[in-house]
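As structure tokens, the structure follows; a few thoughts come after it.
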Amino acid sequence: MGEPRPRFWRRSPAVWPLAGLLLLLAVNVADGLREGRNFLSVTLQDGRLVSPVIDIVKNGSYGLVLALGMTLVIATGGIDLSVGTVMAVAGGWAARLLLDGHGAATAVMAALAAALACGLVNGLLVAGARIQPIVATLVMMVAGRGLAQLLTGGKVVQIPPGGFQWMGHGLIAGLPVAPLLVTALYLVTWAGLRRSAAGLFLEAAGDNPTASRFAGLATGRVRCLAYVGCGVCAGLAGLIKISDIGSADPFGMGSTMELDAIFAVVVGGTALSGGRLCLLGSFFGALLLQTLTVTMFYLGVPSAVAPVPKAVVIIAACLAQSETTRRWFARLKPGRAA
Amino acid sequence: MSPRWNARLPLLVTATILLLLFGAAGLMYPYFFSTGNAVNILTAQSSVGIMAVGLTLVIFAGGIDLSVGAVAGCATILVATLVERHGVHPVVAAAAALAAGATFGAGMAVLIERFRQPPFLITLAGMFLARGCAFWISTESVEIRHPFHRQLVDFMMQLGPVGVHPLPLLIFGAVLLAGYVLAHHTRFGRNLLAIGGSESSARLMGLPVSATKIAAYTLCGLTAALAGVVNTFITGSGNSIYGTGMELDAIAAVVIGGTLLTGGRGQMPGTLCGVLILGTIKSALDFDGRLDAAWTRIIIGTLLLGFILLQRLLLRRLERR
Amino acid sequence: MTAPLLTLRGIGKKFPGVVALAGVDFTVRAGEIHALLGENGAGKSTLIKVLTGVHPADEGEIRLEGGLVRPGSPKEAERLGLSTVYQEVNLIPSLSVAENIGLGRQPGRFGLLNWPALRRHARAALARLEITCDVDAELGLLPLAVQQMVAIARALDLRAKLLVLDEPTASLDEKEVEELFKIMRQLRAQGLGIVFVTHFLEQVYAVSDRITVLRNGTLVGEFATAELPRLALVGKMLGRELPAAPGPAAGAGEPARAARPEAGGPTAPLLEARQISRRGALHPFDLTLRRGEVTGLAGLLGSGRTETARLLFGIDRADSGRISFDGHELRLGSVRAAVRHGLAFCSEDRKIEGILPNLSVRENLILALQAKRGAWRTLARAEQEKLCDHYIRALRIKTPGPETPIRNLSGGNQQKVLLARWLATQPVLFILDEPTRGIDIGAKAEIEQLIAQLRADGLAVLFISSEIEEVVRVSTRVVVLRERRKVAELTGTAIELPGLMRAMAGGHQDHG
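Line by line, the protein sequences give chains A, B and C. First residue of the first sequence? That's 7 in my numbering, and the numbers climb one at a time after it. First residue of the second sequence? That's 781 in my numbering, and the numbers climb one at a time after it. First residue of the third sequence? That's 8 in my numbering, and the numbers climb one at a time after it.
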């Protein structure tokens, strides 16, 4: 309207993860050249496009979904530590149903319903019983793991071959299905949030819950729904994961994924204090994380040690966004201090 | 209800649950009520117990430390590699691991306090860091063959008909006692509860808020490392995946012990009860054999939720006044 | 008269964008109760914080018993003998009474606490105030009055020379207040200097020896309580001198009466509140609001103005009474029901209860309307922008554009956005709590004009302001509150400054 819209790179917090992502890609390209690989190569094999970049997106797809859900919760000023566990619950139950001979559609619907129920419990505990988000979701994190083990009978479930594997291995126009599905989900969510008032309500509830309530907003309902959305996303991530690797491990699946999701969101510019959500930032943030893992691999860092750089980057990102650091910077350039 | 009653209700509930569980298990399974089983429960829970004592201090002050399991894992592998690959005496290795754990806790606390970051986030990152470091030291489990250490591992005592492995129990007991004294009979402990109760009031009352919190995280890191060291006395080896998910058990023990997860309220004896409840549940499920081990998690989760809701209810009564 | 115990000279304190205190002098003598009075933004709390080391002063000097001191932290101030008891008792509710008294300086040996000694000590400290209570009881479970006593016991335990009581009576009932006064008098007799901050004038006259009045961060004056009539005191607090005698006032204080709107013919009541009350906030009272009328709520700070607004809008639930609105029974304690019926409420606390700081002007503006419509009946972006444009122009909101975060706007413009937020919902009753506080003169005039316009458009307006002339200028009917009771209702020509101030001040000059 009246004002010229600031350029994307000045305005959007998504710039930082994008810059980090490009930097990591550059490192990979350079490293590839040194070893005679072309990191950016794209080849067609048996109707399938093969490229290290596509692998990153494919392997990062469930991280992307988790980040999407987590973004909703963090925008309301909350946190969901149970996403990894909910992945295991949904994945475990879907695998069990498939093993029992149910169709793919049934398994998918049932798994998503279970994930939704987990999210709803979180939401009710947070918004209804007014329990701190980290406490409420910690309970789900503990109990959900047991539920997942119960659903799978306490062992790793192998998924029988069938239509379900399309989700993890199928191709559309030579591209893997999962990342396309996830990208579509991002677009739909983005449109849903921006075209309807849902996005405004989420941000309002996170930015100033008191003022939002005084403006007549049902903040409790909004927060609860954010957890439900996060639960469903976690369920979908679980489905993608089991479809990809062909089995569901109730013990290990999704453990420590909650930090990955929080990482993606925080690096993506959605502040942990809530109030502003940046889906694009979370998208790039999740990709950045996956690329970091791949880079570690190419650079010869054992996969078990990979958490170290992750942890370092997330701490750095948090500290960089903290008030203390901002004040330091404000002091460095006195002319611009507000 | 009298005012005194309110503060002690959670602890009473905890103790009652412990007695009921233990009694029920004893009625259902023969041999559950035996010295051997009691010793087994205690030994198996000693590491979690030690960790929970340190964690209780942090939770008293309204903080949380999710890195304790990973720190314990890192400590086991650190001790094992130092002894086996670098020829360090086990005592020195253990001291190094304890120092590392304490330093790690202090470092996280400084970030939390100085940069005003949420504790769960920094300690979650700390968990990754510690776990990654453990794998960096060694991805495989390392057996400790040093004769002095073997002596410690094999040191058994006869208690009636059962063999007791006294070292972990003694250390657990000592840590618990130290934790109890620290929490209930020093200014430091009372300051922790005051900070957890209301940080702004504590500041206005002139209490050393930041220093106290940093000290609590440091002690928590120390006990986490000690839990790892004690585990090497039980298993005689170091393993970098040791302690995975243990932070949840420790938190559960603290909360089921009647300590408010948001801080300001709690008793160290409650933490012992919490640890014993966890041990009893695990042991009972072992005895049963029909029930899935998965139930442990579900029962713990339910108990956790129950206690959190109970505390919430008590607090709401307070707020209404 | 004894020598001054504490002398503050030329105290100045600036916060970013605000001068909180400018050249304030303040003297307390040993063995006196000194009331510190002033309306919102007068600088009372800043002065106390300077005194107790929470915010050290930028300029000026503090002398305690003649010696220069400079408390840099609460602990340092306590060590000097300056102790404070805050309104929202700053103790730890989850710890016992004994611990709260002893925290930070518990008796002990070798680092271990001596619990029996701590309890004995606490009991002794309470006994000095003639209080008996279980020192092992959890503080939070005791009545607020007892908590207050415990806080005083803790403060005195530090060998205090000066005790600052910051609104200690705000949540006490009459009997508890009497108890407190008894203790205050007893402490005065022991030679302690007491600074007493309160909103209740009755209490000032009941217990204090001297009064210092602040206004807008500057000193109005120091007076002996016995020599300052109540009406004169209110005048000084409001910055408005009045002839002491009641009667037709002329000249100085009178606003241009011609500018004040006259009520039209009597219309049917829009909102009728019957005997609504809330414990600790408001005594039961009736209130009727009509279309085409601006009802002013006048009263000193703490008289129950905001509490009334919050009850009507459903933020707090009334303990008793009923509210009928336009023929319907209004559900008590539900903001959403109130909004649905066409109520609107602009809170006095813009920062905490009004703006969503990081969201844009547009988002702030459409929030209430969108919340009223629900998430699914979304306002199209074009419609939102049209609304924004309309209100930005109509209310002359100065903003770089609708997409600027609202935190970048000045206070007056933020306030206009909040007004626009509610106007967009097309309310029938608009409750405005201090809509002109902390904004510049131009914006103030515009908001007053807007209120007149709303009245002309047939809305009912409930207008709350600390600036009494503003209430007189804007209102067609004025309800006066004093100490959480409705004490008078004035209409038409009866709305004039002297009468209002007398009603607000209460006491013997009361002419309801």
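Beta carbons: idealized from backbone N, C-alpha and C, even for Gly. Computed from a predicted structure; not experimentally measured.
Leaving out the 5 sequence neighbours to the left and right, which residues in its chain are closer than 6 Å to residue i when beta-carbon positions are compared?
{"i": "K379 of chain C", "result": "V346, T432"}
{"i": "E66 of chain C", "result": "G19"}
{"i": "A259 of chain C", "result": "In this predicted model, A259 of chain C has a pLDDT of only 39, less than 50, meaning its place in the structure is not dependable enough to derive any value."}
{"i": "R264 of chain C", "result": "In this prediction, R264 of chain C has a pLDDT of 42, which is less than 50 and means its spatial position is unreliable; what the coordinates show is noted afterwards. Answer for R264 of chain C: no residue qualifies."}
{"i": "P256 of chain A", "result": "A94, G98, A154, Q155, T158"}
{"i": "T49 of chain A", "result": "V56"}
{"i": "R151 of chain A", "result": "T91"}
{"i": "S847 of chain B", "result": "T903, G906, M907, A910"}
Flag residue i as yes if its beta-carbon sits less than 7 Å from any beta-carbon of chain C, otherwise no.
{"i": "H929 of chain B", "result": "no"}
{"i": "G977 of chain B", "result": "yes"}
{"i": "G125 of chain A", "result": "no"}
{"i": "G222 of chain A", "result": "yes"}
{"i": "A204 of chain A", "result": "yes"}
{"i": "R282 of chain A", "result": "yes"}
{"i": "G1038 of chain B", "result": "no"}
{"i": "N34 of chain A", "result": "no"}
{"i": "N214 of chain A", "result": "yes"}
Is there a Cβ of chain B sitting closer than 7 Å to that of residue i, yes or no?
{"i": "A120 of chain A", "result": "no"}
{"i": "P114 of chain C", "result": "no"}
{"i": "C324 of chain A", "result": "yes"}
{"i": "L120 of chain C", "result": "yes"}
{"i": "S101 of chain C", "result": "yes"}
{"i": "G275 of chain A", "result": "no"}
{"i": "V145 of chain A", "result": "yes"}
What does DSSP give as the partner residue(s) for residue i in the beta ladder?
{"i": "K20 of chain C", "result": "C:L28"}
{"i": "A467 of chain C", "result": "C:L436"}
{"i": "P182 of chain A", "result": "A:L177"}
{"i": "I201 of chain C", "result": "C:I40, C:L170"}
{"i": "H926 of chain B", "result": "In DSSP, H926 of chain B forms no bridge with anything."}
{"i": "K493 of chain C", "result": "C:L488"}
{"i": "S482 of chain C", "result": "In DSSP, S482 of chain C forms no bridge with anything."}
{"i": "E83 of chain C", "result": "The partner list for E83 of chain C (beta bridge, DSSP) is empty, contrary to what the question assumes."}
{"i": "R281 of chain C", "result": "C:R329"}
Does any CB atom of chain A fall closer than 7 Å to the CB of residue i?
{"i": "I1080 of chain B", "result": "yes"}
{"i": "A382 of chain C", "result": "yes"}
{"i": "A251 of chain C", "result": "The predicted model places A251 of chain C with a pLDDT of 48, which falls under 50 and marks its position as unreliable, so this point remains unresolved."}
{"i": "V227 of chain C", "result": "no"}
{"i": "R343 of chain C", "result": "yes"}
{"i": "F840 of chain B", "result": "no"}
Would you grab the beta carbon distance between residue i and residue j for me? Rounded to a whole angstrom, and I think it's under 8 Å.
{"i": "A240 of chain A", "j": "A96 of chain A", "result": "7 Å"}
{"i": "S918 of chain B", "j": "T861 of chain B", "result": "6 Å"}
{"i": "R509 of chain C", "j": "L238 of chain C", "result": "6 Å"}
{"i": "M985 of chain B", "j": "L110 of chain C", "result": "6 Å"}
{"i": "L144 of chain A", "j": "L87 of chain A", "result": "5 Å"}
{"i": "V1010 of chain B", "j": "I830 of chain B", "result": "6 Å"}
Kindly indicate which residue of the options has the alpha-carbon position closest to the one of residue i.
{"i": "V342 of chain C", "options": "C:I359, C:S327, C:A316", "result": "C:A316"}
{"i": "S1017 of chain B", "options": "B:L807, B:I1078, B:C1053, B:P870", "result": "B:P870"}
{"i": "I475 of chain C", "options": "C:R195, C:R112, C:E46", "result": "C:E46"}
{"i": "R444 of chain C", "options": "C:G465, C:I438, C:I471", "result": "C:I471"}
{"i": "H53 of chain C", "options": "C:G30, C:G38, C:L75", "result": "Reading off the sequence shown, one finds Thr at residue 53 of chain C, where the question assumed His. Answer by Cα proximity: C:G30."}
{"i": "K51 of chain C", "options": "C:V494, C:F230, C:D173, C:G311", "result": "C:D173"}
{"i": "Q154 of chain C", "options": "C:N97, C:A196, C:L170", "result": "C:N97"}
Using C-beta distances below 8 Å, list every residue in its chain close to residue i, excluding the 5 sequence neighbours before and after it, in chain order.
{"i": "L103 of chain A", "result": "T112, A113, A116, A117"}
{"i": "A886 of chain B", "result": "I994, Y997, T998, G1001"}
{"i": "P114 of chain C", "result": "L120, N121, A124, L125, H128"}
Is residue i near the ligand NAD, in the sense that its beta carbon is under 6 Å from a heavy atom of that ligand?
{"i": "V961 of chain B", "result": "As presented, the structure is devoid of all ligands, the ligand NAD included, so that no description of it is given."}
Using a Cβ-Cβ cutoff of less than 7 Å, which residues in the same chain neighbour residue i once the five nearest sequence positions on both sides are dropped?
{"i": "L308 of chain C", "result": "E46, N47, H206, S473"}
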